[in-house]
Amino acid sequence: MTGFSIEGASLDPEFSYEDYSDWGSGIAFEADTSIAIGKIESGLVKLIITTESAAALATITIGGSATEINNTPTTGAVEFEFNTTGSGAFTGFEVDESYVMVVTITSGDGSTHVSTFTVDIDVTAGSSNADLAGLKLFWGSHNSQRVIYPGTFTHDSTYHDPEVYIGSTFDPDELEYVALAYAAETVKIVAVPDDETVSSITFNGSEGVLSGGEYSSSIMLTKGGVTTVTIAVTPGDGKTDHIKTYTLRIKLLNAYEMYWGVYGPLNNNSFARWEDLFGSQGVKTVNIPGVISGNLEWKVQLVSLRPRNTMTWTQYLDGNRDSAGYTIRVDYNDNHPTNNNLHGFMLDGSVSGLLDGITSKNGTITGAFDLYSPWGDYIGTINANYTVEGGVKVEDSDSYADFEYMGDTVRMMYRDDDDGNSQYSPFPFTSSYDWSSSWNPGSY
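At position 400 of the sequence shown the residue is numbered 760 (the numbering used here), and the sequence of numbers has no breaks.
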């Protein structure tokens with residue numbers, strides 16, 4: 361025998377042909393090796409024997425079960441896989457057990473020239489670590505991100521806190537999570553194992569795609585519903601009783617939920633800050649360095665003694681951030697685990713209205729603007745048609761916005777919660793909200 365190795369394991373000492381080349385002496389080559397049982401079960405471990413003569417016969421005995429290889433390769437190399445089925449096959453290794461492998465080489469020159477080599481094998485389990493070190497959620501062609509909250513959608517002690525989400529650290533012992541998605545029926549979940557030697561990570565039973573030490577899977581969602589994703593981490597030892605299971609429940613917002621629960625509250629808060637900081641007269645650019653990116657041009661100009669009010673957003677991102685002395689943060693408008701500049705959404709478009717007079721200020725504001733994620737993925741379009749009286753928007757049968765979202769166009773009537781008429785903006789995420797249902801506010 362001129363070469364001996366076990367793919368996927370190490371020998372101590374390594375086989376040396378120079379040290380064991382006296383075929384007539386019957387010297388035994390003895391070495392200890394450890395093999396991870398998970399690799400054996402996945403068929404990655406092979407015994408490779410190289411003989412000096414292509415006509416030599418190799419007989420392998422492991423634990424009393426013999427498998428004879430009659431081999432006549434031109435290279436003199438034999439690969440023997442650890443088979444566990446078939447006639448005379450080795451029945452398999454047990455974890456934390458020791459075995460003796462005996463390799464007997466019979467020369468092919470017709471003589472009874474025999475050499476025997478023994479290898480002591482200690483079968484050890486791989487790592488039992490099945491912890492995750494991170495969990496991320498992406499959507500859209502620009503890989504927009506949404507944060508993930510520890511907890512559940514059940515209104516009990518496990519209910520998630522909408523202000524607490526996975527940030528720069530991850531608790532591997534927290535097993536249940538929730539997330540809110542919008543604008544896309546397919547999302548990508550990325551699971552980061554704490555131990556890179558894990559055997560696999562599956563998502564609802566399907567093997568994740570491994571890239572750069574992270575496992576990912578694309579998941580289809582149902583608009584208005586909750587999709588439960590079971591993430592099973594099998595550790596390196598391959599033991600089923602060491603598998604750790606995480607659960608991520610993802611709510612895909614319908615048009616009403618997105619408009620009244622996410623877009624509307626943040627836009628209202630932002631608009632109130634614009635008015636307080638910049639007023640409602642003249643021509644001005646709305647921006648707060650370090651907080652707001654893009655540009656909002658807001659101008660009121662006279663056209664034949666009639667005021668025209670115009671607002672134009674250009675990649676305007678007023679993130680979900682309290683600043684400049686104003687509290688504008690709204691639950692479920694956070695996107696990135698650590699970068700506050702990537703919260704909220706981006707606006708692009710214009711609305712304008714020519715009112716009837718400087719004093720009366722009655723008329724209609726119309727126009728359209730698109731909503732995008734901070735990464736540039738399209739969310740929807742707001743088609744505005746607001747009735748204005750005395751220079752302010754009012755509730756009216758002709759005061760509304762048509763919201764284009766995920767193939768639907770839904771009319772959202774304008775509501776002013778401060779006008780004293782007891783008609784309020786609907787809001788989905790109350791203490792009794794049923795997350796599994798597709799919410800519709802009905803008449804409001």
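Backbone N, C-alpha and C define an ideal beta-carbon position, used for all residues, glycine too.
The way I'd put it, the region 659-677 does touch the region 704-717; three or more beta-carbon pairs between them come closer than 8 Å. DSSP, reduced to helix, strand and coil, places V558 outside both helices and strands of the structure shown, so it counts as coil.
Under DSSP, M773 shares a beta bridge with Y760. Apart from sequence neighbours up to five positions away, the residues of its chain that approach R689 with a beta-carbon distance below 6 Å are N680 and D682, ordered along the chain.
Around the CB of T747, 16 or more other CB atoms lie within 10 Å, so the residue is classed as buried. Going by DSSP, M618 is part of the alpha helix (DSSP H) stretching over A615 to M618.
Excluding its 5 nearest sequence neighbours in each direction, T769 has C-beta neighbours in its own chain below 6 Å: D762, listed in chain order.
Excluding sequence positions up to five before and after S504, its CB lies within less than 6 Å of the CB of S733, W735 and D737, all in the same chain and listed in chain order.
Distance from the CA of K753 to the CA of D779, rounded to the nearest whole angstrom, comes to 11 Å. Classified as exposed, H515 has fewer than 16 neighbouring CB atoms from the shown chains inside 10 Å of its CB. Taken atom to atom, the span from the alpha-carbon of T672 to that of R633 is near 17 Å. Per DSSP, reduced to three states, the secondary structure at A592 is strand. Listed in chain order, the non-local C-beta contacts of S798 below 6 Å within the same chain comprise G584 and N614, local neighbours out to five positions each way being set aside. For T588, the closest C-alpha among the options G750, G511 and T724 is that of G511. When rounded, the separation of the alpha-carbon atoms in A551 and T726 is 45 Å. In the three-state reduction of the DSSP assignment, N693 falls in the coil class. By the Cβ rule, the region 532-545 does not count as touching the region 564-578, because fewer than three pairs are nearer than 8 Å.
Of all alpha-carbon atoms in D491, S630 and W658, the one lying nearest the alpha-carbon of Y606 is that of D491. Here V538 is buried. Its C-beta has 16 or more other C-beta atoms within 10 Å.
The residue among Q661, S501 and Y519 with its C-alpha nearest the C-alpha of S792 is Y519. Between I652 and D678, the beta carbon gap of about 5 Å places them in contact (Cβ cut-off 8 Å). D554 sits away from G486, with the two beta carbons spaced by 8 Å or more. Cα atoms of T600 and S576: separation of roughly 21 Å, rounded to the nearest angstrom. Look at L707 here: in three-state DSSP terms it is strand. Between the alpha carbons of G723 and E749 lies a distance of about 7 Å. Short of 6 Å from the beta carbon of R771, and not among the five residues preceding or following it, lie these beta carbons of its own chain, in chain order: Y760 and D762.
Contact annotation: L612 and T582 have beta-carbon atoms nearer than 8 Å. Under the three-state reduction of DSSP, W795 is assigned to coil, being neither helix nor strand.
Under a 10 Å Cβ-count criterion, N627 is classified as buried, with 16 or more other Cβ atoms of the shown protein chains found around its own Cβ.
Scanning I508, N489, L495 and V586 for the CA closest to the CA of S559 turns up N489.
CA-to-CA, the gap between G494 and Q675 works out to about 31 Å.
If you ignore the 5 residues before and after E617, its C-beta comes within less than 6 Å of the C-beta of P788 and W799, all in its own chain and listed in chain order. Taking 8 Å as the cut-off, the Cβ atoms of G527 and P697 count as close. Where S630 is concerned, the enclosing alpha helix (DSSP H) starts and stops at G624 to F638. Annotation for I739: the continuous beta strand (DSSP E) segment containing it runs Y738 to E749.
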